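Taking the working numbering, the leading residue of the sequence shown gets 14, the next gets one more, and so forth.
Remarks on the structure that follows.
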Amino acid sequence: MYSVMSRWKSEKMLPMFKKPIQIIDTKEQELRTKTIHWVKVLWENHGPEEATWELRDQVQKKYPHLLPEVSYCVSFGGPNALRGGGCKTPP
14 MYSVMSRWKS
24 EKMLPMFKKP
34 IQIIDTKEQE
44 LRTKTIHWVK
54 VLWENHGPEE
64 ATWELRDQVQ
74 KKYPHLLPEV
84 SYCVSFGGPN
94 ALRGGGCKTP
104 P
């Protein structure tokens, strides 16, 4: 027989999945040979004081809607400025 108590125990044992709501801050960490990009993620059912710093690349892969791809064009000047420039995606 399935009791209310056993149902409560099984629901209590389920893992809680956090859902990100938005990015509230960003920062860069300069190392000797590279730059690490961090984003501060605000999670569902948590306040801003409980937001966590996560690697930007990992957040972008797992939650692409939080960090949409933004392209910008770079022009290098000179007579072939339009041909010499290229569109790049920011790090």
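Heads up, the beta-carbon is just placed ideally off N, CA and C, and yes, glycines get one too.
Remember, predicted model here, so these are calculated numbers, not experimental data.
Check: Proximity below 8 Å, CB of Pro33 to CB of Val54; Outcome: yes
Check: Closest residue to Ala64 among Trp51, Lys75 and Thr46 (Cα-Cα distance); Outcome: Trp51
Check: Whole-number beta carbon distance between Lys31 and Glu57, since they are thought to touch under 8 Å; Outcome: 6 Å
Check: The ligand ADP heavy atom lying under 7 Å from the CB of Gln42; Outcome: As far as ligands go, the structure on display features none, and thus does not contain the ligand ADP.
Check: Residue range of the beta strand (DSSP E) that includes Thr40; Outcome: In the sequence on display, residue 40 carries Lys and not Thr. Counting along the chain, the beta strand (DSSP E) containing Lys40 begins and ends at Pro33 to Glu43.
Check: Span separating the alpha-carbon of Val72 from that of His78; Outcome: 10 Å
Check: C-alpha gap between Asp3 and His59, whole angstroms; Outcome: Lying before the first or after the last residue shown, residue 3 is absent from the chain, which here runs from 14 to 104.
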